[in-house]
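Participant: Residue numbers (my numbering), protein chains in the order written: chain A, 1 to 96; chain X, 97 to 181.
In this text, a Cβ means the ideal position worked out from N, Cα and C, and glycines have one as well.
(1) Cβ atoms of residue 82 of chain A and residue 48 of chain A: under 7 Å apart, would you say?
(2) Report the CB separation of residue 32 of chain A from residue 162 of chain X in whole angstroms; it is logged as a contact under 8 Å.
(3) By a C-beta neighbour count over all protein chains shown, 10 Å radius and 16 as the cutoff for buried, is residue 112 of chain X buried or exposed?
(4) What are the boundary residues of the alpha helix (DSSP H) that residue 104 of chain X is part of?
(5) Looking at the C-beta of residue 63 of chain A, does it have a partner C-beta in chain B at a distance below 7 Å?
(6) Could you check whether the Cβ of residue 51 of chain A sits closer than 7 Å to any Cβ belonging to chain X?
(7) To the nearest angstrom, how far is it from the Cα of residue 180 of chain X to the Cα of residue 160 of chain X?
(8) Would you call the CB atoms of residue 145 of chain X and residue 122 of chain X closer than 7 Å?
(9) Taking C-beta pairs closer than 9 Å, name the residues in chain X that residue 23 of chain A reaches, listed in chain order.
(10) Looking at the unbroken alpha helix (DSSP H) that takes in residue 162 of chain X, where does it start and where does it end?
(11) Between the alpha carbons of residue 98 of chain X and residue 138 of chain X, how many angstroms are there, rounded?
(12) Here's the rule: buried if 16 or more other CB atoms are within 10 angstroms of the residue's CB, otherwise exposed. What is residue 124 of chain X?
(13) Tell me, please, which residues DSSP counts as bridged to residue 50 of chain A.
(14) I'd like the span of the beta strand (DSSP E) that includes residue 32 of chain A, first residue to last.
(15) On the CB-based measure, 16 or more other CB atoms within 10 Å of its CB, does residue 77 of chain A come out buried or exposed?
(16) Identify which residue in A:59, A:80, A:42, A:73 has its Cα closest to the Cα of residue 4 of chain A.
(17) Of all the residues that make up the stretch 106-127 of chain X, which are near chain A by a beta-carbon distance shorter than 8 Å?
Next up, the structure:
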């Protein structure tokens with residue numbers, strides 16, 4: 001699972017049936033600098049399926065790969081799935 | 097399997113039902129000499145790893161389904177060992 005910040009959403013007029021009930025978020029993956037509250041994003045943003053109800057500005061934990069499709073009943077073409085909406089982050093890397 | 101350092105934790109009220117009751121820690125992949133490699137990932141922590149401890153993290157999703165006792169969990173990363181030396 002990786003942490004990312006929700007920066008927008010995507011709406012579709014037609015989609016694969018198994019996606020019904022969810023929505024799509026544009027997510028900016030967070031690197032070390034972003035977790036520490038500074039720095040610029042270095043990775044491209046991605047689109048993530050969400051059925052928890054995250055909104056713009058939320059930090060979410062998303063899963064990529066095979067596990068993203070696992071929560072669905074049938075085989076589903078999906079790359080990223082929102083698994084949790086973060087309440088608090090305690091990020092304390094050791095001081096150099 | 098990844099060698100990681102525990103750099104913190106996250107809390108979440110709203111999450112996939114299978115993850116209820118589990119602790120989520122921020123794992124920073126590192127090299128053997130402690131240099132940081134890439135972005136941190138989130139793993140479930142069944143062992144209770146402390147802050148800045150070095151841990152072994154598996155990306156085996158099948159193991160996570162057994163650990164969480166849920167076939168449909170999206171969780172993939174889990175801590176499988178705390179490194180002494």
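Facilitator: The structure says:
(1) Numbered from its first residue, the first chain carries residue 48 of chain A at position 48. Numbered from its first residue, the first chain carries residue 82 of chain A at position 82. Yes, these two residues count as a Cβ contact at 7 Å.
(2) If you number the first chain from 1, residue 32 of chain A lands on position 32. If you number the second chain from 1, residue 162 of chain X lands on position 66. Not a contact, Cβ separation roughly 31 Å.
(3) As a first step, residue 112 of chain X is located in the second chain; it is residue number 16 there, counting from the start. Buried.
(4) Indexing the second chain from 1 puts residue 104 of chain X at position 8. Annotation: residue 104 of chain X is outside any alpha helix (DSSP H); the continuous beta strand (DSSP E) that includes it extends over 98-107.
(5) In the structure shown, chain B does not exist; the protein chains are A and X.
(6) If you number the first chain from 1, residue 51 of chain A lands on position 51. By this cut-off, residue 51 of chain A is not an interface position.
(7) Locating residue 180 of chain X in the second chain gives position 84, where the first residue counts as 1. Locating residue 160 of chain X in the second chain gives position 64, where the first residue counts as 1. Approximately 23 Å, taken between the alpha carbons.
(8) For the purposes of this step, residue 145 of chain X is identified with residue 49 of the second chain, where counting begins at 1. For the purposes of this step, residue 122 of chain X is identified with residue 26 of the second chain, where counting begins at 1. The answer is no: Cβ separation not under 7 Å.
(9) Translated into positions along the first chain, residue 23 of chain A becomes position 23. Using a Cβ-Cβ cut-off of 9 Å, residue 23 of chain A is close to nothing in chain X; its nearest Cβ partner there is about 14 Å away.
(10) Taking the second chain and counting its residues from 1, one reaches residue 162 of chain X at position 66. First-last of the alpha helix (DSSP H) with residue 162 of chain X: 157-163.
(11) Taking the second chain and counting its residues from 1, one reaches residue 98 of chain X at position 2. Taking the second chain and counting its residues from 1, one reaches residue 138 of chain X at position 42. Going by the C-alpha atoms only, they are around 12 Å apart.
(12) One-based indexing of the second chain puts residue 124 of chain X at position 28. Buried, because 16 or more other Cβ atoms sit within 10 Å of the Cβ of residue 124 of chain X.
(13) By 1-based counting over the first chain, the position of residue 50 of chain A is 50. Answer is A:23, bridged to residue 50 of chain A.
(14) Position 32 of the first chain, counting from 1, holds the residue named residue 32 of chain A. No beta strand (DSSP E) holds residue 32 of chain A; the alpha helix (DSSP H) holding it covers 32-35.
(15) As a working note, residue 77 of chain A is residue 77 in the first chain. By the 10 Å Cβ count, residue 77 of chain A comes out exposed.
(16) As a working mapping, residue 4 of chain A is identified with position 4 in the first chain. Out of A:59, A:80, A:42, A:73, A:59 has the C-alpha closest to the C-alpha of residue 4 of chain A.
(17) 106, 107, 108, 109, 110, 111, 112, 115, 120, 122, 124
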